[in-house]
Amino acid sequence: MDQKTISEGKTMALISYITVIGLLIAFIVNSDKKNEFVKFHIGQSLRVWILAIALSIVLGLIAVTMGMGFLRILQWAPWVLAVMGAINAYNGKMEKLPIIGTIGE
(Lines of atoms letter the chains of each structure in order from A; the text may use other names.)
(Lines give C-alpha, C1' and ligand atoms only; values in the text may rest on other atoms or scores of the structure.)
Protein backbone atom coordinates (compact mmCIF):
# COMPACT_ATOMS: atom_id res chain seq x y z
CA MET A 9 0.00 0.00 0.00
CA ASP A 10 1.38 3.40 -0.90
CA GLN A 11 2.15 6.17 1.58
CA LYS A 12 -0.45 8.49 0.05
CA THR A 13 -3.29 6.06 0.82
CA ILE A 14 -2.04 5.62 4.38
CA SER A 15 -1.54 9.33 5.04
CA GLU A 16 -4.98 10.17 3.63
CA GLY A 17 -6.64 7.55 5.82
CA LYS A 18 -4.77 7.95 9.12
CA THR A 19 -7.29 10.29 10.72
CA MET A 20 -10.36 8.20 9.89
CA ALA A 21 -8.54 4.99 10.86
CA LEU A 22 -7.69 6.52 14.22
CA ILE A 23 -11.24 7.83 14.73
CA SER A 24 -12.65 4.34 14.11
CA TYR A 25 -11.21 3.19 17.46
CA ILE A 26 -12.83 6.00 19.47
CA THR A 27 -15.99 4.23 20.68
CA VAL A 28 -18.73 2.88 18.46
CA ILE A 29 -19.65 6.41 17.38
CA GLY A 30 -16.15 6.91 15.98
CA LEU A 31 -16.50 3.60 14.15
CA LEU A 32 -19.76 4.76 12.57
CA ILE A 33 -18.26 8.11 11.58
CA ALA A 34 -15.26 6.42 9.94
CA PHE A 35 -17.54 3.97 8.15
CA ILE A 36 -19.79 6.71 6.76
CA VAL A 37 -16.92 8.98 5.70
CA ASN A 38 -15.01 6.10 4.09
CA SER A 39 -18.05 4.82 2.18
CA ASP A 40 -17.32 7.34 -0.59
CA LYS A 41 -13.52 7.21 -0.61
CA LYS A 42 -12.98 3.44 -0.26
CA ASN A 43 -9.56 3.85 1.36
CA GLU A 44 -8.11 0.36 2.00
CA PHE A 45 -6.14 1.51 5.05
CA VAL A 46 -9.28 2.89 6.69
CA LYS A 47 -11.26 -0.19 5.65
CA PHE A 48 -8.73 -2.45 7.41
CA HIS A 49 -8.90 -0.43 10.64
CA ILE A 50 -12.70 -0.22 10.51
CA GLY A 51 -12.75 -4.04 10.40
CA GLN A 52 -10.38 -4.31 13.35
CA SER A 53 -12.35 -1.71 15.30
CA LEU A 54 -15.62 -3.51 14.62
CA ARG A 55 -14.13 -6.65 16.17
CA VAL A 56 -13.04 -4.66 19.23
CA TRP A 57 -16.48 -3.16 19.86
CA ILE A 58 -18.32 -6.46 19.28
CA LEU A 59 -15.98 -8.01 21.85
CA ALA A 60 -16.68 -5.13 24.24
CA ILE A 61 -20.43 -5.63 24.03
CA ALA A 62 -20.19 -9.42 24.35
CA LEU A 63 -17.84 -9.22 27.34
CA SER A 64 -20.03 -6.64 29.03
CA ILE A 65 -23.08 -8.87 28.76
CA VAL A 66 -21.41 -12.17 29.66
CA LEU A 67 -19.23 -10.87 32.48
CA GLY A 68 -22.10 -8.81 33.85
CA LEU A 69 -24.27 -11.92 34.08
CA ILE A 70 -21.47 -13.97 35.65
CA ALA A 71 -20.65 -11.26 38.18
CA VAL A 72 -24.29 -10.89 39.23
CA THR A 73 -25.26 -14.56 39.35
CA MET A 74 -22.05 -16.05 40.73
CA GLY A 75 -20.66 -13.15 42.70
CA MET A 76 -17.43 -13.06 40.71
CA GLY A 77 -17.07 -9.32 40.43
CA PHE A 78 -13.31 -9.63 39.97
CA LEU A 79 -13.96 -10.94 36.43
CA ARG A 80 -15.26 -7.51 35.46
CA ILE A 81 -11.64 -6.39 35.09
CA LEU A 82 -11.68 -8.32 31.80
CA GLN A 83 -14.02 -5.65 30.45
CA TRP A 84 -10.95 -3.46 30.03
CA ALA A 85 -9.53 -5.82 27.38
CA PRO A 86 -11.39 -4.19 24.46
CA TRP A 87 -10.14 -0.76 25.54
CA VAL A 88 -6.57 -2.05 25.56
CA LEU A 89 -7.11 -3.49 22.08
CA ALA A 90 -8.65 -0.20 20.91
CA VAL A 91 -5.59 1.72 22.11
CA MET A 92 -3.31 -0.78 20.35
CA GLY A 93 -5.31 -0.37 17.15
CA ALA A 94 -5.27 3.42 17.41
CA ILE A 95 -1.50 3.38 17.86
CA ASN A 96 -1.15 1.15 14.79
CA ALA A 97 -3.38 3.51 12.79
CA TYR A 98 -1.44 6.57 13.93
CA ASN A 99 1.84 4.91 12.94
CA GLY A 100 0.47 3.89 9.54
CA LYS A 101 0.62 0.15 10.25
CA MET A 102 -1.84 -2.53 9.17
CA GLU A 103 -1.17 -5.03 11.95
CA LYS A 104 -3.95 -7.32 13.10
CA LEU A 105 -4.87 -7.06 16.74
CA PRO A 106 -3.96 -9.95 19.04
CA ILE A 107 -6.57 -12.68 19.60
CA ILE A 108 -9.43 -11.01 17.66
CA GLY A 109 -7.58 -9.71 14.60
CA THR A 110 -8.31 -12.72 12.40
CA ILE A 111 -11.87 -13.47 13.53
CA GLY A 112 -14.38 -13.25 10.72
CA GLU A 113 -12.00 -13.20 7.78
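My numbering applies: residue 9 is where the sequence shown begins, and numbers increase by one.
Glycine is no exception: its CB is placed at the ideal position from the N, C-alpha and C atoms.
The DSSP assignment places 44 to 74 as complete runs of the alpha helix (DSSP H) inside the stretch 39 to 90, in order along the chain (cut-off: 4 residues).
In the structure shown, the three-state DSSP call for Met20 is helix. One thing to note: Arg55 has its Cβ no nearer than 8 Å to the Cβ of Leu22. Under the three-pair Cβ rule at 8 Å, the stretch 65 to 80 does not count as touching the stretch 44 to 51.
Around Leu59, the same chain offers Ala85, Pro86, Leu89, Ile108 as residues with beta carbons nearer than 8 Å, after the five sequence neighbours per side are excluded.
Taking 8 Å as the upper bound for CB-CB distance, Leu69 and Gln83 are not in contact here, some 12 Å apart. Around the CB of Ser15, fewer than 16 other CB atoms lie within 10 Å, so the residue is classed as exposed. Residue burial annotation: Asn99 is exposed, with fewer than 16 other C-beta atoms found within 10 angstroms of its C-beta.
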